[in-house]
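**Student:** The sequence shown begins at 2 in my numbering and counts up by one.
Cβ coordinates follow ideal geometry from the N, Cα and C atoms, glycine included.
Note that this is a predicted model, so its numbers are computed, not measured.
This structure is in structure tokens; I'll ask about it shortly.
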Amino acid sequence: MEKVYGLIGFPVEHSLSPLMHNDAFVRLGIPARYHLFSVHPKQVSEAIAGVRALGIAGVNVTIPHKMAVIPFLDDIDDHARRIGAVNTIVNDNGRLVGYNTDGPGYVKALEEEMDVSLDGKRILVIGAGGGARGIYFSLLSTAAKRIDMTNRTVEKAEQLVREGEDGRSAYFSLAEAETRLDEYDIMINTTSVGMHPRVEAQPLSLERLQPGTIVSDIIYNPLETKWLKEAKARGARVQNGVGMLVYQGALAFEKWTGQWPDVNRMKQLVIEALRR
Ligand code: NAP
């Protein structure tokens, strides 16, 4: 029987996940289909009960339900528990287990797309919202030398560093971080600054950027933010947010099916759809 997978969120209509997953199911000959489920915030418990009752094999979870689903699951893995958010649920014969593949997906995309090992690297994360949280805790599980945080509301960066309880991290105001750019090998924008429609905005001045630094932006709309354009012009190696989107999906796909999909094909589909 064809297995059913899907995405629960509110709204979900613009998600590119069905495109990636359904193509991968077909190419790998897996009899399954990925659907979008728009779930009102008041109906999260019913939606999870529905996953159980209908035998839905797995779901992704997106905004605003990533925290709300947790009380209704049978278990969550250590990383998802630490960050307090679930983006992937596996239905293991009626036992619902929550994971979070956003941060691990980001780190895998960074390593593979930029062909870089994070061992010994000095990294600056800009932003301290939901996206930053998963990325920061995933970076803590690498052998990076420093993983510093900066954010407009500096208290939120401080809070993340405290939670991380890891001697490799410090936090700075944006203004102070701007004066320290030459200390980093990798810089990651996790804020929404520069995202469509406010495409002229930039999260941090790049005046002190060293050529050869890796500059990564998790925004994928536009595909190249103004910040990435400027970083490139200053000699940086740049990465956009498509990799994170695709690799978080690929890691979820692997948890559901045990198979690793063709990420380059997924990327190509996503980029084509975003260009449209
Ligand atoms: P969020 O939880 O709302 O956090 C937003 C972050 O942006 C906070 O650090 C916030 O700073 C900062 N920010 C917002 N407006 C700002 C401004 N005008 N000036 C300076 N800082 C500002 O959002 P999120 O879920 O982390 O998402 C952030 C971005 O990541 C979005 O563009 C989203 O599309 C993208 N994203 C991409 C992927 C992917 O797969 N590629 C996955 C997740 C998210 P304060 O704390 O000071 O408010």
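Could you tell me whether any non-hydrogen atom of the ligand NAP is closer than 7 Å to the CB of SER1?
**Tutor:** Because the chain here runs from 2 to 277, residue 1 falls outside it and cannot be looked at.
**Student:** Is LYS157 near the ligand NAP, in the sense that its beta carbon is under 7 Å from a heavy atom of that ligand?
**Tutor:** Result yes, Cβ under 7 Å from the ligand NAP.
**Student:** Within its chain, find whatever has a CB closer than 8 Å to the CB of LEU29; leave out the 5 residues flanking it on each side and keep chain order.
**Tutor:** These residues qualify, in order along the chain: THR258, GLN260, PRO262.
**Student:** With respect to the beta strand (DSSP E) encompassing MET68, which residues constitute its N-terminal and C-terminal limits?
**Tutor:** Here MET68 belongs to no beta strand (DSSP E), and DSSP marks it neither H nor E.
**Student:** For the beta strand (DSSP E) that contains ASP218, what are its first and last residues?
**Tutor:** Start and end: 215-218.
**Student:** Suppose the cutoff is 7 Å on Cβ atoms and the five residues either side in sequence are ignored; what does the same chain contact list for HIS22 look like?
**Tutor:** If we look at HIS22 and ignore the five residues flanking it on each side, its Cβ neighbours are TYR6, TYR35, GLY250, PHE254.
**Student:** Let me confirm a value: ASN265 is counted as buried when at least 16 other C-beta atoms fall within 10 Å, else exposed. Which label applies?
**Tutor:** The residue is exposed, with fewer than 16 neighbouring Cβ atoms inside 10 Å.
**Student:** Tell me which same chain residues have a C-beta within less than 8 Å of the C-beta of GLY121, skipping the five on either side of it?
**Tutor:** ALA144, ALA145, LYS146.
**Student:** Do the segment 129-140 and the segment 156-163 meet, that is, are 3 or more Cβ pairs less than 8 Å apart?
**Tutor:** Yes, the segment 129-140 touches the segment 156-163.
**Student:** By the three-class DSSP mapping on this structure, what secondary structure does MET188 have?
**Tutor:** In the structure shown, MET188 sits in a strand (DSSP, three-state: E or B).
**Student:** In terms of residue numbering, what span does the alpha helix (DSSP H) encompassing LYS268 cover?
**Tutor:** Counting along the chain, the alpha helix (DSSP H) containing LYS268 begins and ends at 264-276.
**Student:** Out of GLU14, ASP93, MET68, VAL91, which has the shortest C-alpha to C-alpha gap to ARG82?
**Tutor:** Of the candidates GLU14, ASP93, MET68, VAL91, the one whose C-alpha sits nearest the C-alpha of ARG82 is MET68.
**Student:** Please look up how many angstroms separate the CB atoms of LEU125 and THR151, rounded, as I've assumed it's under 8 Å.
**Tutor:** Rounded, the Cβ-Cβ distance is 7 Å, consistent with contact.
**Student:** Report yes or no: do the segment 80-97 and the segment 223-237 share at least 3 C-beta pairs separated by less than 8 Å?
**Tutor:** Segments in contact, no.
**Student:** CB of LEU97 to nearest heavy atom of the ligand NAP: below 7 Å?
**Tutor:** No; taking the cut-off as 7 Å, the Cβ of LEU97 has no heavy atom of the ligand NAP nearer than that.
**Student:** Does the separation of the CB atoms of ASP24 and LEU270 fall below 8 Å?
**Tutor:** Yes, the pair counts as a contact, with Cβ atoms nearer than the cut-off.
**Student:** In chain order, what residues of the same chain have a beta carbon less than 8 Å from the beta carbon of ILE77, not counting five sequence neighbours either side?
**Tutor:** Same-chain partners within the cutoff: ILE71, VAL87, VAL98, GLY99, TYR100.
**Student:** In terms of residue numbering, what span does the alpha helix (DSSP H) encompassing ALA33 cover?
**Tutor:** Per DSSP, ALA33 belongs to no alpha helix (DSSP H); it is in the beta strand (DSSP E), 33-39.
**Student:** What I want to know is whether the C-beta of THR89 ends up closer than 7 Å to one or more non-hydrogen atoms of the ligand NAP.
**Tutor:** THR89: no, Cβ never under 7 Å from the ligand NAP.
**Student:** Might you give, ordered along the chain, the residues of its own chain that have their beta carbon closer than 8 Å to the beta carbon of LEU275, omitting 5 neighbours on each side?
**Tutor:** Within the same chain, LEU275 has close Cβ partners LEU17, TYR221, ASN222, LEU224, VAL243.
**Student:** State the start and end residues of the unbroken alpha helix (DSSP H) segment that holds ILE57.
**Tutor:** Here ILE57 belongs to no alpha helix (DSSP H), and DSSP marks it neither H nor E.
**Student:** For the ligand NAP, is there a heavy atom less than 7 Å away from the beta-carbon of PRO1?
**Tutor:** With the chain running from 2 to 277 in the structure shown, residue 1 is simply not present.
**Student:** Would you check if there are 3 or more beta carbon pairs closer than 8 Å linking the segment 198-212 to the segment 179-189?
**Tutor:** The segment 198-212 is in contact with the segment 179-189.
**Student:** Taking the beta carbon of GLY106 as the centre, do at least 16 other beta carbons fall within 10 Å, making it buried, or is it exposed?
**Tutor:** Label assigned to GLY106: buried.
**Student:** With distances taken Cα to Cα, identify the nearest neighbour of ILE215 among VAL117, HIS15, GLY59, ASP149.
**Tutor:** Nearest of VAL117, HIS15, GLY59, ASP149 to ILE215, Cα basis: VAL117.
**Student:** Would the C-beta of ASP103 count as close to the ligand NAP, meaning under 7 Å from any of its heavy atoms?
**Tutor:** It does: the Cβ of ASP103 is within 7 Å (strictly closer) of some heavy atom of the ligand NAP.
**Student:** Closer than 7 Å by C-beta to VAL60: which residues in its own chain qualify, once you throw out the five before and the five after it? Chain order, please.
**Tutor:** The answer, listed in chain order, is TYR6, GLY7, LEU8, ILE9, VAL52, ILE90.
**Student:** If you follow the alpha helix (DSSP H) that ASP183 is in, where does it begin and where does it stop?
**Tutor:** Unbroken run through ASP183: none, as it is neither H nor E.
**Student:** Name the two residues that bound the continuous alpha helix (DSSP H) containing THR226.
**Tutor:** First-last for THR226: undefined, no H or E at that position.
**Student:** Going along the chain, which residues of its own chain have a beta-carbon closer than 6 Å to the beta-carbon of VAL239, five neighbours each way excluded?
**Tutor:** Excluding sequence neighbours, VAL239 sits near VAL216, LEU229, ALA232, LYS233.
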